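Sequential numbering from 1 applies to the sequence shown in this note's numbering. Using N, Cα and C, we set each Cβ at its ideal position, and we do this for glycine too. For clarity, every value in this text was computed on a predicted model and none was experimentally measured.
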Amino acid sequence: THDQAKRLYWQDLKDLTPAWAIDGHPREAELSIHFQHGPILRVVGMDKPERLEGELLYRIVLDEIANMKPGTWQRHVRPALSTRGVEGSAAFIGVPDDAGSNTLEYRELWNKALSGAPGWEGITWWSEDILTAEEIVAAKAEMDPLSYEQEYHGSFVTFEGRVYYTFDRAVHWRTPDKLPPYRPDAPHTVSARRTL
1 THDQAKRLYW QDLKDLTPAW AIDGHPREAE LSIHFQHGPI LRVVGMDKPE
51 RLEGELLYRI VLDEIANMKP GTWQRHVRPA LSTRGVEGSA AFIGVPDDAG
101 SNTLEYRELW NKALSGAPGW EGITWWSEDI LTAEEIVAAK AEMDPLSYEQ
151 EYHGSFVTFE GRVYYTFDRA VHWRTPDKLP PYRPDAPHTV SARRTL
């Protein structure tokens with residue numbers, strides 16, 4: 001959202017921009033920095049991707065694209081980068097999100113980047129490359145394996161169509177002849193049941 005983009009990026013961008021490069025001061029209401037040599041740096045929320053339309057766009061970084069509205073790239077961003085003589089470029093960052101509304105489009109873009117299509121490149125790194133070993137151990141202890149793969153390895157995983165998505169038939173399922181014998185004296189768990 002626009003407020004989220006402002007909260008995450010605006011102050012850092014102002015801090016990283018040298019004062020001598022700015023034409024005037026950062027424009028708080030617009031979340032924009034106008035540079036002496038012409039370009040404008042903006043922080044824009046993609047909850048309304050039409051905010052990009054009508055302006056010359058040289059470069060854009062789309063963070064958390066899996067959570068953007070479907071069609072954001074094809075209908076709003078891609079056309080804004082297509083100005084004759086100043087064709088722009090885009091970077092997509094984030095992790096896949098099975099619950100994200102734009103996960104399918106993100107996967108298609110990622111596959112295009114991996115295919116070697118002209119003008120496309122796919123770059124990835126794991127959180128394990130930058131976090132401490134202690135943090136990784138703690139995350140693995142607290143998260144289920146698929147969520148860890150998605151959030152820390154940036155893997156496209158799917159939780160769709162499963163009640164218990166870590167279900168593994170080889171581990172969690174047995175034929176009746178492979179079940180241990182019933183032991184009425186063994187400790188048991190209590191489960192709730194609704195009687196109709």
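Residue burial classification, residue i (beta-carbon count within 10 angstroms, cutoff 16)
i: Tyr106; result: buried
i: Leu104; result: exposed
i: Ile130; result: exposed
i: Val44; result: buried
i: Gln36; result: exposed
i: Leu114; result: exposed
i: Asn111; result: exposed
i: Ala138; result: exposed
i: Ala141; result: exposed
i: Leu62; result: buried
Close-in-space but distant-in-sequence residues of the same chain around residue i (CB under 8 Å, 5 per side omitted)
i: Thr124; result: Gly154
i: Asp12; result: none
i: Leu52; result: Val44, Ile60, His76, Val77 and Ala80
i: Tyr148; result: Ala139 and Lys140
i: Gly202; result: The shown model of the chain, from 1 to 196, leaves out residue 202, and the question about it has no answer.
Beta-bridge pairing of residue i - partner residues as DSSP gives them
i: Ser115; result: In the DSSP output, where bridge partners are listed per residue, Ser115 has none listed.
i: His61; result: The sequence shown places Val at residue 61, rather than the His named in the question. Answer by DSSP bridge pairing, in chain order: Ala91.
i: Phe35; result: Ile22
i: Ile40; result: His34
Same chain only: Cβ atoms within 7 Å of residue i, ignoring 5 sequence neighbours per side
i: Leu109; result: Trp73 and Phe92
i: Leu179; result: none
i: Trp10; result: Leu31 and Val43
CB-CB length for residue i against residue j, believed under 8 Å
i: Gly94; j: Ile65; result: 6 Å
i: Pro49; j: Val86; result: Not really, about 20 Å apart at Cβ, beyond 8 Å.
i: Asp23; j: Asn67; result: Their Cβ separation, rounded to whole angstroms, is 33 Å, which puts Asp23 and Asn67 out of contact at 8 Å.
i: Tyr152; j: Glu128; result: 7 Å
Cut-off 6 Å between Cβ atoms - residues of its own chain near residue i, not counting five sequence neighbours on either side
i: Trp20; result: none
i: Ile40; result: Ser32 and His34
For this session: Inspect the CB distances between the stretch 18 to 37 and the stretch 57 to 68 and report whether three or more fall short of 8 Å.
Result: Between the stretch 18 to 37 and the stretch 57 to 68, the count of Cβ pairs shorter than 8 Å is below three; the stretches do not touch.
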